[in-house]
Amino acid sequence: MMGDFFSMGGYGFYIWGSYLVTAVFMMVELVLVMRRRRTLLQRLGRMLRSNVNRGQS
Amino acid sequence: MGLGSINWLKYSSPNTFYPLAGRMIPGLAGITVILLAIGLYLSFFVAPSDYQQGEAYRIMFIHVPAAWMSMFIYLVMAVYAGLGQVMNTRLSSMMATALAPTGAMFTFLALWTGALWGKPMWGAYWVWDARLTSELILLFLYIGFMSLQAAIDDPRRASRAGALLALVGAINIPIIYFSVQWWNTLHQGASISFDEAPSMAATMLAAMLVMTLAFWTYTGAVVLARVRCEILERERNSDWVAKLLESRS
Numbered sequence: 001m002m003g004d005f006f007s008m009g010g011y012g013f014y015i016w017g018s019y020l021v022t023a024v025f026m027m028v029e030l031v032l033v034m035r036r037r038r039t040l041l042q043r044l045g046r047m048l049r050s051n052v053n054r055g056q057s
Numbered sequence: 058m059g060l061g062s063i064n065w066l067k068y069s070s071p072n073t074f075y076p077l078a079g080r081m082i083p084g085l086a087g088i089t090v091i092l093l094a095i096g097l098y099l100s101f102f103v104a105p106s107d108y109q110q111g112e113a114y115r116i117m118f119i120h121v122p123a124a125w126m127s128m129f130i131y132l133v134m135a136v137y138a139g140l141g142q143v144m145n146t147r148l149s150s151m152m153a154t155a156l157a158p159t160g161a162m163f164t165f166l167a168l169w170t171g172a173l174w175g176k177p178m179w180g181a182y183w184v185w186d187a188r189l190t191s192e193l194i195l196l197f198l199y200i201g202f203m204s205l206q207a208a209i210d211d212p213r214r215a216s217r218a219g220a221l222l223a224l225v226g227a228i229n230i231p232i233i234y235f236s237v238q239w240w241n242t243l244h245q246g247a248s249i250s251f252d253e254a255p256s257m258a259a260t261m262l263a264a265m266l267v268m269t270l271a272f273w274t275y276t277g278a279v280v281l282a283r284v285r286c287e288i289l290e291r292e293r294n295s296d297w298v299a300k301l302l303e304s305r306s
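If you're matching them up, the sequences are chains A and B in order. The end of the first sequence is residue 57 by the numbering used here, with every number in the run present. The end of the second sequence is residue 306 by the numbering used here, with every number in the run present.
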């Protein structure tokens with residue numbers, strides 16, 4: 001029963017190859033955007049503090 | 058005064074759009090998860106086997122939405138890029154920049170899933186067919202747009218150069234769409250056309266449309282998150298970003 005589902009009538013490689021790669025790309029894109037936001041906020045925070053320390057704020 | 062008293066342009070300014078986008082992301086993400094669950098259930102457990110293609114046709118439920126998204130996103134990107142130049146609105150240019158990576162991803166996925174569908178049905182992963190070739194050109198247009206913007210340091214000049222490329226490249230979209238009519242291609246015709254009744258089972262159509270909606274809301278969430286990064290980067294020396302960072306720490 002489960003085997004039938006995964007073999008997809010012999011097309012399992014093509015179907016799961018499509019769905020898996022699509023899922024991986026979409027999840028990686030999400031992670032990349034979240035990581036970009038995190039590092040950006042850290043960098044801007046450091047920039048702001050160094051400006052405050054130099055009395056530019 | 059009525060509607061005229063509301064300042065519609067207010068949300069075209071980056072500092073008011075930034076929090077608005079932030080409030081929209083969780084809702085879009087939640088809807089995406091629900092739509093994906095429904096769409097995948099319909100795709101694998103409700104839609105029947107195809108009498109010609111057996112189970113292989115189930116690739117359609119991501120192939121067609123990904124291909125549609127690749128074209129829609131390009132058009133939206135070109136319109137935003139053009140508006141950014143004509144109306145001189147910075148946010149429009151930032152939206153164009155934020156849309157490109159997701160558009161490129163869906164273009165790649167349309168090609169990838171198409172190759173994996175082509176092999177069992179046509180006997181080849183790739184053929185130099187009008188539909189496939191014009192979709193490959195679309196991928197190069199996205200990559201060109203992103204590399205061009207990355208190569209120019211001045212954001213205003215980067216936006217201008219990108220807009221020019223995006224608008225000229227938009228000619229490729231009708232070529233992709235009508236390629237199956239204009240040329241003799243191996244690729245099958247449009248899955249849904251406006252002038253005739255759909256030729257597929259209602260459950261297949263429903264699965265495809267739900268997956269398309271899921272890709273739309275996914276794109277909305279991820280592009281809004283990316284445009285928020287663009288806004289922060291380009292406005293990093295402004296007072297409102299400084300205030301925002303202070304309130305976070």
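We treat Cβ as the ideally placed atom computed from N, Cα and C, and that holds for glycine. Computed from a prediction, not measured in an experiment: that's the story for all the values here.
Distance from the Cα of Ala124 of chain B is smallest, within the candidate group B:Leu148, B:Ser204, B:Ser248, for B:Ser248. Looking from the CA of Leu97 of chain B, the closest CA among B:Leu77, B:Val284, B:Met265 belongs to B:Met265.
Distance from the CA atom of Arg188 of chain B to the CA atom of Ala172 of chain B, rounded to whole angstroms, is 12 Å. Looking from the CA of Ala113 of chain B, the closest CA among B:Leu281, B:Ala282, B:Lys176 belongs to B:Lys176.
The beta carbon of Ser236 of chain B is closer than 7 Å to those of Ala187, Arg188, Ser191, Thr242 in its chain, skipping five residues each way along the sequence. Rounded to whole angstroms, the separation of the alpha carbons of Leu301 of chain B and Leu166 of chain B is 37 Å. Among the residues facing chain A, Met162 of chain B is included, as its CB has a counterpart in that chain under 9 Å away. The beta-carbon of Ile130 of chain B is placed no less than 9 Å from the nearest beta-carbon of chain A.
The CB of Gly45 of chain A comes closer than 7 Å to the CB of Leu302, Ser306 in chain B, given here in chain order. A distance below 9 Å separates the beta carbons of Tyr137 of chain B and Ala153 of chain B.
Take the alpha-carbon of His244 of chain B and the one of Trp174 of chain B: they are about 11 Å apart. Against Leu30 of chain A, the close residues of chain B are Val279, in the order they occur along the chain (beta-carbon pairs closer than 7 Å).
Those residues of the stretch 110-144 of chain B placed with their C-beta closer than 8 Å to a C-beta in chain A are Gly111, Glu112, Ala113, Arg115, Ile116, Ile119, His120, Ala123, ordered along the chain.
Residue contact check for Ser50 of chain A against chain B: no CB pair falls below 9 Å. About 5 Å separates the CB atoms of Leu224 of chain B and Ala135 of chain B; that is less than 8 Å, so the two are in contact. Here the alpha carbons of Gly219 of chain B and Pro105 of chain B stand approximately 44 Å from one another.
One Cα belongs to Val184 of chain B, the other to Met34 of chain A, and the distance between them is close to 37 Å. Residue pairing for Gly111 of chain B: DSSP places it in a beta bridge opposite B:Asp107.
Here Arg283 of chain B is near Arg36 of chain A, since their CB atoms are less than 9 Å apart. Taking CB atoms only, Thr170 of chain B has a neighbour in chain A less than 9 Å away. Residue contact with chain B for Met2 of chain A: absent (no Cβ-Cβ distance below 9 Å to any residue of chain B).
The stretch 260-275 of chain B and the stretch 84-98 of chain B touch, with no fewer than 3 CB-CB distances between them shorter than 8 Å. Under the 9 Å criterion on CB atoms, Arg36 of chain A is classed as interfacial with respect to chain B. His120 of chain B: member of the alpha helix (DSSP H) spanning 117-143, first to last residue. Less than 9 Å divides the Cβ of Met203 of chain B from the Cβ of Pro158 of chain B.
Comparing alpha carbon positions, the residue from B:Phe102, B:Ile228, B:Thr274 closest to Asp4 of chain A is B:Phe102.
Chain A places a beta carbon closer than 9 Å to that of Phe165 of chain B, counting this residue as a contact. Here Leu148 of chain B is not near Leu40 of chain A, since their CB atoms are 9 Å or more apart.
Contact between Ile209 of chain B and Tyr14 of chain A fails: their C-beta atoms lie close to 41 Å from each other, not under 8 Å.
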